[in-house]
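Worksheet for the structure shown next.
Residue numbers (this note's numbering): 2 to 60.
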């Protein structure tokens, strides 16, 4: 499994936990959805940033 996939799976687990905690705290559903979408976007950008391959040095 690639590093990118592992990173995204970890992010999804964290987002799921935070969304469940917000649900238990009786946060409005619309704000839970907004938070999930924002965190998912941040997770994708972070995964791409941390797992992209560096360009080889030019000769």
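Here a beta-carbon is modelled for each residue, glycine too, at the ideal position from N, C-alpha and C. If you're wondering where the values come from, they're calculated on a predicted model, not measured in any experiment.
Practice task
Verify whether the separation of the beta carbon atoms of residue 9 and residue 44 is less than 8 angstroms.
Solution key: yes
Handout entry: Coarse secondary structure for residue 28, derived from DSSP in three states
Key = coil
Problem - residue 28, buried or exposed, once every other Cβ within 10 Å from all chains shown has been counted against 16 - result: exposed
Exercise for the section: Determine the contact status of residue 48 and residue 2, defining contact as a CB-CB distance below 8 angstroms. Expected result: no
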